[in-house]
Structures are given as C-alpha cells and as structure tokens.
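Enquirer: To start, I am sharing the structure in question, which I have written as structure tokens.
Chains as they are written, first to last, in the UniProt record's numbering: chain P, 1 to 274; chain B, 1 to 274.
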C-alpha cells in the first residue's frame, strides 16, 4: 500500500507515518497540496498531512484545500508530541548559523540565546530541509533544529536534546482517504469535522448552527473560522464534534440543512495518540 | 505625534498610515512585536499593525501578542484594498527571478505563469523588503511584487499593474493606543473586539457566550479561535461585535462575567475604509 506524506524524509509527518504504517511504502511530497494531489491522482492509497499544532494553531493550507478543492476525507487522526533537537555534522562543531522552520526556531529561541548567543538563525521551508542542508555543507559551522528522525535520516549528531520551550507541544495529523485505515493502535476518541457555510440572510446563523449540537449535548472540541476568500468578513466555520452517537449526529445534520446551513464533512475519524 | 507602523517604508501598513496620519511622524519597525513594543516603551503615540486579510485570514502574530502580552487596545480600524504591482529597475528588464512575500507570490502566480513562465519565484519576508532588494541589485535580472508605495519609495518602475488574482482583496489594520485617534475620514461602523476564555467546567460554554449577544440582537461580524498555547484543544475566542448600543453591550459583558466567562477587550473602534 502506498502512503503519501508531507516530506522530506525525516519530517514530523514522516515520523507519524512510520508509527501508523510501519510496513507500508511511504512516499514524501514537497508540500501539502502535492500530498493531497498525489492521493487524488491515485498515486497513493492514503495521504498524511498536519492539520493543527497546539502552539501555532491550524494549518491553513490543509483546511483551505480540503474545503475549497478536495473530495477526500479524514479517516484517522494522529496526535504526536513535537520535540525539537539541535543537530550538526559533529558534536564538537563550532556553530555560527542555525537553520530551521520559523516555528522551530521560535520554539528553540531561549535555548539558542543562552547556549549559542553568537549564532544567527536562518529560516528554511521545513525542519527536515534544514537538516538535509546542514548535512550537505559539512565544512560549514552550521546546525539545524529538527526532529529526531531527521538526525537519523541525514546522519547528523544530536548536540542538544528537547530544546523546545513549551513542553505541551503536539501536532494533529490527518490520514486522508476514502476507506477506513487499518491502524493497530488503541483509539482514544471518535470525531467528526464539518465545514459550515452560513446563509447571509439568517441572523445569528453561527449561534443557530451551534444550537443544533448544544441542546443534544454533542461536545464541540474546536471551532475555527477561515475566510471564504470572496469578501472581507465572510467565513466558513470548521467545527470538530465528539461522535458518541451516530443517530444524534445524523439528526443534527438534518436539522442544519432545514435551517439552510450547508456543510461539508471534512472527516469522520478515530483519534490515535502516539 | 509619533506613529509606529509595520515597515519598512513602502509596506501596505505604510500606505494605510500615510492615508490616516498624513501630517505625523511615521516610524517603521521590523516586525509586529516591535511595532507594539515601540508603543509600550512610549516611543510612539499610536501603533499600526495588520490584523486580517480577506484571503489569508487573521494575522496571528498581532492577535496572539494583543491577547497574551499587551495592555493596548484598538482605537480605530482601517480597511484598505490590496493591489499588487510587478516592479523592476527598468521596464525593458529581462526577468529571471521574482521576489516577494509568499502571499503576494501566490496572488500573482497566474500572471507570472502566463507572462514570465521562465522566472523563478523567491520568498522574502515582506513585499517592501523584496522591492528594496531589487533596487539594491540593479545589475541583476530581478523583479519584485509589491505595493505601489514601494515602487515610489525605492525608485522602481511598475512593469505590470494590479496583477493580483482575486479582486476582492482587503486588509484590516488596527490603530492601537489608549486614546481615540483623530481621523478626518467618515466612519462606516463602530465595533468591539473581545477575546473570550471559557471555563472548563461549563458545558456548551461557547454556545452560551454567543447566546448573550444573540438574544440581544447584537451582530457578530467575526469569530475565530486561537490556541491558548497550553494544551492541544484549548483555545481563546476572538469575537467582533457591531456596537450599536453601548448599554446593550454593557449588559452583555456583565452577563458573560456572571456565567464565569472571562474576556479581554481587544478594541473599541470606529471603522474607516480607504
């Protein structure tokens, strides 16, 4: 089975993919759109992309593509702790430049300021690209902030472990597909994610949409608005719901339509923590 | 009077600042945090920062800083149309690389693919930095995508006008301060922005918070969730409300507190379109 994921090798998505599909053929793609397109072009049976980080918030590229363009649903959710490592080609290396993704640089800022005050931070498109770049320039005084898997992938030495500032750093990944993924882990919850578009001429439309779930006791675990990209001030709303009763959920969705509130199901999935 | 704004000279924030404070001493700062800090350190009487774009969504750096760290409020909102220009040191220039902010590159992608299919897109931290970089390398086959003001600021020639794909592209800017700004434009609305934090042990808390406004007929123009940066799945909620009656609004805020829903007022402001 082929699994498309957000690469390159050694990315956080790669480590999530390895834990969930250890036996399968994992294929990296350069960006989120290409991962999803690989699935749409039938180059892969499932696609794995990040959807939200506990510090940085939602990954808009994923949400916007799924809402505006894709006909593919989340069939599993993976929650992975994010730990950042400082790595270089040798442990006794002089470090003058530290490469990483802006979020990882921000997370490691305190550590770097304390132990490498002379080092300059340099932005790269991803943590794994930063690691690869450092490997490709062994003669330079370079280091990268990247996941553990990137050090293994590119043969780098970890010179400082778990340098991220906030310990509670997790990323949610979605496994996208049309059929349920066979995952041999214990699910901790079952959820449904919807994208709502509200009619202009329904006052208090968001409030009414939430009422449909609230009075049935269906828990919202997240709501988020994203611009519709038409007019400033028009949004679609992503809501994540706990799925404890299919029947109650079906009734809610019917009631939404009766209120003329349209929705797209972005996913129906079990949640796995790794 | 000193006004701090998100620079450099020639940025979209700069053009908004020029229209609203044409007579004042405008001071550019390198990033949003530094703009707000300049105000906090009393280097400026007001600070101007972007808050939301109609295509890209909210500017998280602004929202997060105002919620987590700042004791400064929005006292005016400026809505500005965003139009992107392609510019170079001369109009007959051969173009091999086009520099800009990722959002501007995305907005100009169709135009570039059609008219400069051989050109390589290169990411810069802002449109105005891209324009300055092109000016600093007049011998190179470079162009930038940037606002009109950047061409004037850095003496570049506009070689293609209004290349952005979606015409409905607007950015909201906030003027931050402690006193009302004197702006000689006609206000089109009056709004209040709140950041809500919901108690863990109040089921349907967001629904209840929205109820407070919905039954009083107070319109929500926006809701958005941002991670609290503590645990995955905990958020604060930003809501923008139309302010048509101070009294009704005061009652709502009292009721929020009675429900143990905490809020921070991010701004109370008139809205100006330029």
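C-beta atoms are modelled at their ideal positions from N, C-alpha and C, and glycine is treated no differently.
Quick one: give me the first and last residue of the beta strand (DSSP E) that residue 18/P is part of.
Expert: Where residue 18/P is concerned, there is no enclosing beta strand (DSSP E), although the alpha helix (DSSP H) it sits in stretches over 12–20.
Enquirer: Got a sec: which bits of the stretch 196–226 of chain B sit with their beta carbon under 9 Å from any beta carbon on chain P, in order along the chain?
Expert: Under the 9 Å Cβ criterion, the stretch 196–226 of chain B contributes 203, 204, 206, 207, 208, 210, 211, 213, 214, 215, 217, 219, 220, 221, 222, 223, 224, 225, 226.
Enquirer: Among the candidates 175/P, 270/P, 231/P, whose CA atom is the shortest distance from the CA of residue 72/P?
Expert: Minimum Cα distance to residue 72/P is reached at 175/P.
Enquirer: Pick helix, strand or coil for residue 102/P, following the three-state DSSP scheme.
Expert: Three-state result, residue 102/P: helix.
Enquirer: I'd like the list of long-range same chain contacts for residue 8/B, defined as Cβ closer than 7 Å, with 5 residues on each side in sequence excluded.
Expert: If we look at residue 8/B and ignore the five residues flanking it on each side, its Cβ neighbours are 28, 128, 129, 132.
Enquirer: For the beta strand (DSSP E) that contains residue 123/P, what are its first and last residues?
Expert: Per DSSP, residue 123/P belongs to the beta strand (DSSP E) from 120–123.
Enquirer: Considering Cα atoms alone, identify which of 261/B, 257/B, 46/B, 161/B is closest to residue 25/B.
Expert: Closest option to residue 25/B, Cα to Cα, is 46/B.
Enquirer: Taking the beta strand (DSSP E) that residue 191/P falls in, what are its first and last residues?
Expert: From DSSP, the beta strand (DSSP E) with residue 191/P extends over 189–197.
Enquirer: Looking only at its chain, what residues have a beta carbon closer than 6 Å to the beta carbon of residue 195/B, apart from the 5 residues adjacent to it on each side?
Expert: Once the five neighbours on either side are set aside, the close Cβ partners of residue 195/B are 67, 236, 238, 264, 266.
Enquirer: Listing by chain order, which chain B residues have their CB less than 7 Å from the CB of residue 57/P?
Expert: Neighbours of residue 57/P on chain B, chain order: 60, 226, 227.
Enquirer: Would you grab the beta carbon distance between residue 227/P and residue 57/B for me? Rounded to a whole angstrom, and I think it's under 8 Å.
Expert: About 5 Å separates the two Cβ atoms, so the contact holds.
Enquirer: Assign residue 211/B to one of three DSSP states: helix, strand, or coil.
Expert: Residue state, collapsed to three classes: helix.
Enquirer: Would you identify the three-state DSSP class for residue 74/P, choosing helix, strand or coil?
Expert: Strand, per DSSP.
Enquirer: Going by DSSP, what residue range makes up the alpha helix (DSSP H) through residue 109/P?
Expert: Residues 109–115.
Enquirer: Is DSSP giving residue 127/B helix, strand or coil here?
Expert: Helix, per DSSP.
Enquirer: So residue 14/P and residue 146/P are supposed to be a Cβ contact under 8 Å. How far apart are they, rounded?
Expert: That belief does not hold up - the Cβ atoms of residue 14/P and residue 146/P are roughly 11 Å apart, past 8 Å.
Enquirer: Mapping DSSP to helix, strand and coil, what is residue 224/B?
Expert: It is a strand residue.
Enquirer: Using 10 angstroms around the beta-carbon of residue 115/P, count the other beta-carbons present and answer buried if the total reaches 16, otherwise exposed.
Expert: So residue 115/P counts as exposed.
Enquirer: Assuming residue 152/B and residue 107/B form a contact by the criterion Cβ under 8 Å, report the distance between their Cβ atoms to the nearest whole angstrom.
Expert: No, residue 152/B and residue 107/B are not in contact; Cβ-Cβ is about 20 Å, not under 8 Å.
Enquirer: Could you tell me whether any Cβ in chain P is nearer than 9 Å to the Cβ of residue 243/B?
Expert: Judged by the 9 Å Cβ criterion, residue 243/B is not in contact with chain P.
Enquirer: For residue 55/P, I'd like the list of residues in its chain whose CB is within less than 8 Å of its CB, leaving aside the five on either flank, ordered along the chain.
Expert: Taken in chain order, the residues that qualify are 103, 107, 166, 169.
Enquirer: When you compare only the Cα positions, how much space is there between residue 43/B and residue 222/P?
Expert: The straight-line gap from Cα to Cα measures roughly 39 Å.
Enquirer: Given that residue 170/P touches chain B, what residues does it touch there, using C-beta distances under 7 Å?
Expert: Under the 7 Å cutoff, chain B gives 232.
Enquirer: Nearest-angstrom Cα distance between residue 60/B and residue 32/B?
Expert: Looking at the two C-alpha atoms, the distance is approximately 10 Å.
Enquirer: Tell me the rounded alpha-carbon separation between residue 34/B and residue 187/B.
Expert: Going by the C-alpha atoms only, they are around 28 Å apart.
Enquirer: Check this for me: beta carbons of residue 98/B and residue 142/B, under 9 Å apart or not?
Expert: Contact: yes.
Enquirer: What does residue 166/B reach in chain P if we use C-beta pairs closer than 9 Å?
Expert: The contacting residues are 229, 230.
Enquirer: Restricting to Cα atoms, I'd like to know which of 253/B, 273/B, 155/B, 125/B is closest to residue 88/B.
Expert: Selected option, being the one with the closest Cα: 155/B.
Enquirer: How would you write the range of the alpha helix (DSSP H) that residue 62/P sits in, first residue to last?
Expert: From DSSP, the alpha helix (DSSP H) with residue 62/P extends over 60–68.
Enquirer: Among the residues of its own chain, which have a CB less than 8 Å from the CB of residue 11/B, if the five just before and after it don't count?
Expert: Same-chain partners within the cutoff: 5, 28, 126, 127, 128, 147, 149, 150.
Enquirer: Taking a cut of 8 Å between CB atoms, which residues from the stretch 62–91 of chain B lie near chain P?
Expert: Those would be 79, in chain order.
Enquirer: Going by beta-carbon coordinates alone, are residue 172/P and residue 268/P separated by less than 9 Å?
Expert: No, Cβ-Cβ distance for residue 172/P and residue 268/P is not below 9 Å.
Enquirer: If residue 271/B sits next to residue 77/B, beta carbons under 8 Å apart, how far is it from one beta carbon to the other, in whole angstroms?
Expert: Going by Cβ atoms, the distance from residue 271/B to residue 77/B rounds to 5 Å, so yes, they are a contact pair.
Enquirer: If you reduce the DSSP assignment to three classes, tell me which class residue 248/P lands in.
Expert: Note: residue 248/P maps to helix in three-state DSSP.
Enquirer: Can a CB atom of chain B be found closer than 9 Å to the CB of residue 116/P?
Expert: With 9 Å as the cut-off, residue 116/P does not count as an interface residue toward chain B.
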